[in-house]
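**Student:** Below you will find the structure I want to go over with you.
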Amino acid sequence: MYQLHTDTDFRSRRLSVTTWRHRSIAAVCAAGTSAALVVGSSPASAAPLPSECVESTPGGTVTCTYTDPSAVHALTLPDDITSITVTAIGGEGVGTTFARPGGVGAVVTATIPLTQSTIYAVVGGNGVGKTGGANGGGSGSGSGAGKGGGGGASDVRLAPDDLASRQVIAAGGGGAGVNTPGGAAGAAPVSQAGLDTERSGKPGTAQAGGEGGTFQSPGPPGAPGTLGQGGAAGVFNGPTNSPTAGGGGGGLYGGGGGAFASGGGGGSSLDPDGGQVVLASRGTAPSVTISYTPPIAPPGVLEVTHTSDTSTPVTGGQVVNYTTTFTNTGVQPVPVDHTLVLSGVLDDADLISGPTSGDPALTLSPGAGVDTHVTGVVAPGQTVTITYSVTVKPYAQQGDHNLVTQVTEIGSTPSTPPGACAGAALCTEIPSADDAAVPLMNLGVTGAAAAVVAVGGGTFMLVRRRKTGTSH
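Structural data, given as structure tokens:
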């Protein structure tokens, strides 16, 4: 877009760097079966906001405001940001004590697409005495009151010292001359000249800097504005004093400097399609404000399973092995804060091993009663397995003859041992059978053979009679 890439004003600036990476909010996924559950979870941690930025609500719009004209402010945005909204306010030119005000800066508001993660904000300065404001204000001249420095421009750019990379520019106003006010900043090509048709500096436009004001001999003309820089005022050395002339305002292209005792022209602004340019109220401080709304990050997704190695009725002395897995199928780390509810099984069985975690990512600690607390963080793609085993007690020593185990999130652990799953998620239930032996009946005297067969929890007797002796 532009050919000139030099800007000596920025090479002496310090670089202020602001970085903030993903601050994410996760969604909740649907639950699965009673032995497997899938839940969404927010990330385990989020980076703090930089000091220049505030968040409207957790996960809401972030607004970063910069007011220091002595630094180039670097802002590194979250990876998935595709656009930002910018409000830039340019600097004001210096007025004189003869009621000749300097030109005011522009206010540009625009939403622009984001093509890289790091952008740079440069704040224009107000003119001070003869000195033009930071970021392109042209210098004033003379020994009169005020001395007419032009205001600097405020902008957002893609490279810290590259004027051609500027995306939004709020121009600065021209400095006043002792005879005429400075020109206000504006949108190219609508900036104002100093209010004196010949001697005042001309406004910057979309294509070029404003021409400097002219004055008949022996006074020198004001300097023209250039890319990003307001022109300096012409210096007229009179026999007794040097009247103040105003410097041009900075901008896309700077305004021209005034000649003799006239004001400088305002710089031109850059507002992308859909943007808006207005003049700042007098006395408004220059600044750059950048706002954006972080996207909702893909969540970490925790899948929990809970199984036993048998589901058929068990008898005294039988070993039952339990396995619980925590798998993160998402892209963010997932915190785990669960309970292994063992009170419903240990009234009918004795714990002989575990619970044991297969990975230090999850740690186990005593919970309420005989329960076990599981805590930690599961990384994306990671599975952590927890195992334990029990031996079934003799039938007469059991509690309710129903081995029930469950995995719950903290806060939902039952206050009393579960007697049955009753459709609860992540719950296993194994009935216990009476292991007392049932004797077979001996019908040898009658020549009959019998067996007792268990069917559906009851019994029936199967009898087969065999004839003896000889038949005739």
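Those letters in the sequence shown? Residues -46 to -1, 1 to 426, by mature numbering (1 follows the signal peptide of the UniProt record, and there is no 0). In this text, a Cβ means the ideal position worked out from N, Cα and C, and glycines have one as well.
#1: So the beta strand (DSSP E) G254 belongs to, where does it begin and stop?
#2: In terms of residue numbering, what span does the beta strand (DSSP E) encompassing C381 cover?
#3: Please report how far the alpha carbon of S108 lies from the alpha carbon of T69, in whole angstroms.
#4: Are the Cβ atoms of V274 and N282 separated by less than 8 angstroms?
#5: Could you tell me which residues DSSP pairs with D291 in its beta bridges?
#6: On a Cα-Cα basis, can you pick out the residue from V361, G103, P314 that is closest to G78?
#7: Could you please give the first and the last residue of the uninterrupted beta strand (DSSP E) stretch that includes L29?
#8: Where does I364 land, buried or exposed, given buried means 16+ other C-beta within 10 angstroms?
#9: What residues in its chain sit with their C-beta under 7 angstroms from that of A162, if we drop five residues either side in the sequence?
#10: Could you say which of G185, P197, T247 lies nearest to G173 if we only look at CA atoms?
#11: May I ask you to report which of helix, strand or coil DSSP gives R(-26)?
#12: Across the segment 262 to 279 and the segment 48 to 62, are there enough close Cβ pairs to call them in contact, namely three or more that are closer than 8 angstroms?
#13: Quick one: any contact between the segment 372 to 388 and the segment 349 to 362, if contact means 3 or more CB pairs under 8 angstroms?
#14: So A75 is in the beta strand (DSSP E); what residue range does that whole segment cover?
#15: Identify the continuous beta strand (DSSP E) that holds R120 and give its terminal residues.
#16: To which residues of the same chain is C7 closer than 6 angstroms at the C-beta, ignoring the five residues directly before and after it?
#17: Out of Q170, F169, E165, which one is the CA nearest neighbour of L181?
#18: Please state if the CB of G203 and the CB of G131 are separated by a distance shorter than 8 angstroms.
#19: Where does A60 sit, in a helix, a strand or coil, going by DSSP?
#20: According to DSSP, is L117 helix, strand or coil?
#21: Using a threshold of 8 angstroms, state whether the C-beta atoms of P240 and G45 are closer than that.
#22: Between G176 and G155, is the Cβ-Cβ spacing less than 8 angstroms?
#23: Report yes if the C-beta distance between D302 and L357 is below 8 angstroms; otherwise report no.
#24: Shortest alpha-carbon distance to G217 belongs to which of T36, D313, G137, S5?
#25: Counting along the chain, where does the beta strand (DSSP E) carrying T36 start and finish?
#26: My understanding is that I38 touches Y246, with C-beta atoms under 8 angstroms, so please give their C-beta distance in whole angstroms.
#27: Looking at the unbroken beta strand (DSSP E) that takes in N356, where does it start and where does it end?
#28: So, P135 versus R54, is the Cβ gap smaller than 8 angstroms?
#29: Could you compute how far the alpha carbon of V295 sits from the alpha carbon of T11?
#30: Under three-state DSSP, which class holds A350?
#31: List the DSSP bridge partners of V16.
#32: Check each candidate in P320, P309, G106, G96 and name the one with the smallest Cα separation from G87.
#33: Are the beta-carbon atoms of G221 and G94 separated by less than 8 angstroms?
#34: Can you tell which of P4, Q336, I35, G14 has the C-alpha that lies nearest to the C-alpha of Y20?
#35: Kindly indicate which residue of A378, G96, Q121 has the alpha-carbon position closest to the one of P67.
#36: From the DSSP output, in three-state form, read off V132 for me.
**Tutor:** Looking at the atomic coordinates:
#1: Mapped onto the sequence shown, residue 254 falls at position 300. Start and end: 254 to 262.
#2: Position 427 of the sequence shown holds residue 381. Its beta strand (DSSP E) spans residues 381 to 385.
#3: Reading the sequence shown from its first residue, position 154 is the one you call residue 108. Reading the sequence shown from its first residue, position 115 is the one you call residue 69. Cα to Cα, S108 sits roughly 20 angstroms from T69.
#4: As a first step, residue 274 is located in the sequence shown; it is residue number 320 there, counting from the start. As a first step, residue 282 is located in the sequence shown; it is residue number 328 there, counting from the start. No, the Cβ-Cβ distance between V274 and N282 is not below 8 angstroms.
#5: Here residue 291 refers to the residue found at position 337 when the sequence shown is read from its first residue. Its beta-bridge partners are T329.
#6: Translated into the one-based positions of the sequence shown, residue 78 becomes position 124. If we check each option's Cα against that of G78, G103 comes out closest.
#7: For the purposes of this step, residue 29 is identified with residue 75 of the sequence shown, where counting begins at 1. Segment 25 to 30, the beta strand (DSSP E) holding L29.
#8: Against the sequence shown, residue 364 aligns to sequence position 410. That one is exposed.
#9: Mapped onto the sequence shown, residue 162 falls at position 208. Cβ neighbours of A162 beyond the five flanking positions: Y207.
#10: Here the question's residue 173 lines up with position 219 in the sequence shown. Comparing Cα-Cα distances from G173 to each of G185, P197, T247, the minimum goes to P197.
#11: Looking up residue -26 in the sequence shown gives position 21. Residue confidence is low: R(-26) scores 33 on pLDDT, short of 50, so the model does not pin down where it sits. Its coordinate-derived value is still stated next. Assigned with DSSP and collapsed to three states, R(-26) falls in coil, not helix or strand.
#12: The segment 262 to 279 vs the segment 48 to 62: no contact.
#13: yes
#14: In the sequence shown, counting from the first residue as 1, residue 75 sits at position 121. DSSP places A75 in the uninterrupted beta strand (DSSP E) bounded by 72 to 76.
#15: In the sequence shown, counting from the first residue as 1, residue 120 sits at position 166. Segment 120 to 124, the beta strand (DSSP E) holding R120.
#16: Here residue 7 corresponds to residue number 53 of the sequence shown, with the count starting at 1. Once the five neighbours on either side are set aside, the close Cβ partners of C7 are V16, C18.
#17: Within the sequence shown, residue 181 is the residue found at index 227, counting from 1. Out of Q170, F169, E165, E165 has the C-alpha closest to the C-alpha of L181.
#18: As a position in the sequence shown, residue 131 is number 177, starting the count at 1. As a position in the sequence shown, residue 203 is number 249, starting the count at 1. The answer is no: Cβ separation not under 8 angstroms.
#19: Here residue 60 corresponds to residue number 106 of the sequence shown, with the count starting at 1. DSSP places A60 in strand when its eight states are reduced to three.
#20: Translated into positions along the sequence shown, residue 117 becomes position 163. Three-state DSSP puts L117 in a helix.
#21: By 1-based counting over the sequence shown, the position of residue 240 is 286. By 1-based counting over the sequence shown, the position of residue 45 is 91. Their beta carbons are under 8 angstroms apart, which means P240 touches G45 by this criterion.
#22: Within the sequence shown, the letter at position 222 stands for residue 176. Within the sequence shown, the letter at position 201 stands for residue 155. Inclusion of G176 and G155 in the CB contact set at 8 angstroms is warranted, their separation being smaller than that value.
#23: Position 348 of the sequence shown holds residue 302. Position 403 of the sequence shown holds residue 357. Contact flag set, yes.
#24: Residue mapping note: residue 217 aligns to position 263 of the sequence shown, counting from 1. Of the listed residues, the one whose Cα sits closest to G217 is G137.
#25: Position 82 of the sequence shown, counting from 1, holds the residue named residue 36. Unbroken run through T36: none, as it is neither H nor E.
#26: Stepping through the sequence shown from its first residue, residue 38 is reached at position 84. Stepping through the sequence shown from its first residue, residue 246 is reached at position 292. I38 to Y246, Cβ: 5 angstroms. Contact.
#27: Residue 356 sits at position 402 when you count from the first residue of the sequence shown. Its beta strand (DSSP E) spans residues 356 to 363.
#28: Locating residue 135 in the sequence shown gives position 181, counting from the first residue. Locating residue 54 in the sequence shown gives position 100, counting from the first residue. It is a contact, given that the beta carbons lie within the stated cut-off.
#29: For the purposes of this step, residue 295 is taken as the residue at position 341 of the sequence shown. For the purposes of this step, residue 11 is taken as the residue at position 57 of the sequence shown. If I take the Cα positions, the gap works out to 37 angstroms.
#30: The residue you call residue 350 lines up with position 396 of the sequence shown. Helix.
#31: Here residue 16 refers to the residue found at position 62 of the sequence shown. Partner(s): E9, Y246.
#32: As a working note, residue 87 is residue 133 in the sequence shown. Comparing Cα positions, the closest option is G106.
#33: Position 267 of the sequence shown, counted from the first residue, corresponds to residue 221. Position 140 of the sequence shown, counted from the first residue, corresponds to residue 94. Their beta carbons are not under 8 angstroms apart, which means G221 does not touch G94 by this criterion.
#34: If you number the sequence shown from 1, residue 20 lands on position 66. Per the Cα distances, P4.
#35: As a first step, residue 67 is located in the sequence shown; it is residue number 113 there, counting from the start. If we check each option's Cα against that of P67, Q121 comes out closest.
#36: Here residue 132 refers to the residue found at position 178 of the sequence shown. DSSP places V132 in coil when its eight states are reduced to three.
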